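Let me begin by presenting the structure, written as structure tokens, before commenting on it.
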Amino acid sequence: MLTLYFAPGSCALASLIALEEAGLAYEPRRLILANGDQRQPEYLAINPKGRVPALVTDRGVITENIAIMTYIAQIAPAAKLAPFDDPFEFAEMQAFNSYIVSTVHVNHSHKGRGYRWTDDAAAIETMKAKVPQTMAESFALIEDKMLKGPWVMGEQYTVADGYLFAMETWLPGDGVDRDGFAKVSAHYARMLERPAVQRALAVEKG
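Just so we're aligned, residue -9 is where the sequence shown starts under the numbering used here, counting upward by one.
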């Protein structure tokens, strides 16, 4: 049995969606970040990083969305959640996922996690003010150059779509009009229609 530690409203939604898409049996464990659940000794024993997601397997714990989603896709090949048969396409998918984690998520984190980079209160406020611009710029690139449509990789749905969806849910709170990006907005609506996404959102809600 797999166990996924996640938090509502976090990037862990991507791994939650991957599990639902794969049809794998798993136990969801809900953490509330505002309560500091991620910093409790019990959770730090599972994931010393104090962040979500964390996937507990029979061989140990896997952290980081990209690693978790790839693992899920590999152990549930029938779900076809990654193009493992094409090394170039697989690399393209991972490049997209890497952009999400290294750039888009970091842009978003400047809004509520500025203390990770500075203790200067004025600098933190400056970072917050920049978020609508940096998120809009990132999504302009995704819209124009990276989202092939109808899914991230084109006709084949992959785990990258769940990762993009998690970021799409953050846009209104980051001061970005999702409807200003036609392909992104259509992708978001298409994701909401998927039964696995609906199940994941229900699990997230608790």
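The C-beta atom is built at its ideal place from N, Cα and C for all residues, glycine as well. Everything numeric in this text was worked out from a predicted model, so none of it was measured.
Residues near Ala4 by beta carbon distance below 7 Å, same chain, minus five either side: Asn55, Met59, Gly152, Tyr153 and Ala156
Specify, as a first and last residue, the run of the alpha helix (DSSP H) that Tyr178 falls within. Ala172 to Leu182
Please tell me whether, using a cut-off of 6 Å, the distance from the CB of Phe129 to the nearest non-hydrogen atom of the ligand NAD is below it. Ligands in the displayed structure: none, and consequently the ligand NAD is not present.
Do you know how far the Cα of Ala68 is from the Cα of Ala15? 15 Å
With DSSP run on the structure shown, which of helix, strand or coil describes Phe74? coil
Less than 7 Å between the C-beta atoms of Val142 and Ala72, yes or no? no
Return yes when the Cβ of Leu(-6) is within less than 7 Å of the Cβ of Pro18, no when it is not. Against a cut-off of 7 Å, the Cβ pair of Leu(-6) and Pro18 comes out as a contact.
Asn97: which of Gln123, Val193 and Glu183 sits nearest, CA to CA? Gln123
Determine the contact status of Lys173 and Glu133, defining contact as a CB-CB distance below 7 Å. The beta carbons of Lys173 and Glu133 sit closer together than 7 Å.
Would you say His95 reaches chain C, if we count a Cβ-Cβ gap shorter than 7 Å as a contact? Annotation note: the requested chain C is absent from the structure, which comprises a single protein chain.
Distance check for Met(-9) and Ser92, CA to CA, integer angstroms please. 30 Å
Given a threshold of 16 other Cβ atoms within 10 Å of its Cβ, counted over all protein chains shown, does Pro162 qualify as buried or as exposed? That one is exposed.
The beta strand (DSSP E) with Ala69 in it runs from where to where? No beta strand (DSSP E) holds Ala69; DSSP gives it neither H nor E.
For Gly26, which of Ala126, Gly40 and Ala112 has the nearest alpha-carbon? Gly40
Which of the three DSSP states, helix, strand or coil, is assigned to Tyr16? Collapsing the DSSP output to three states places Tyr16 in a strand.
Looking at C-alpha atoms only, which residue of Ala126, Phe129 and Ala12 is the closest neighbour of Ile62? Scanning Ala126, Phe129 and Ala12 for the CA closest to the CA of Ile62 turns up Ala12.
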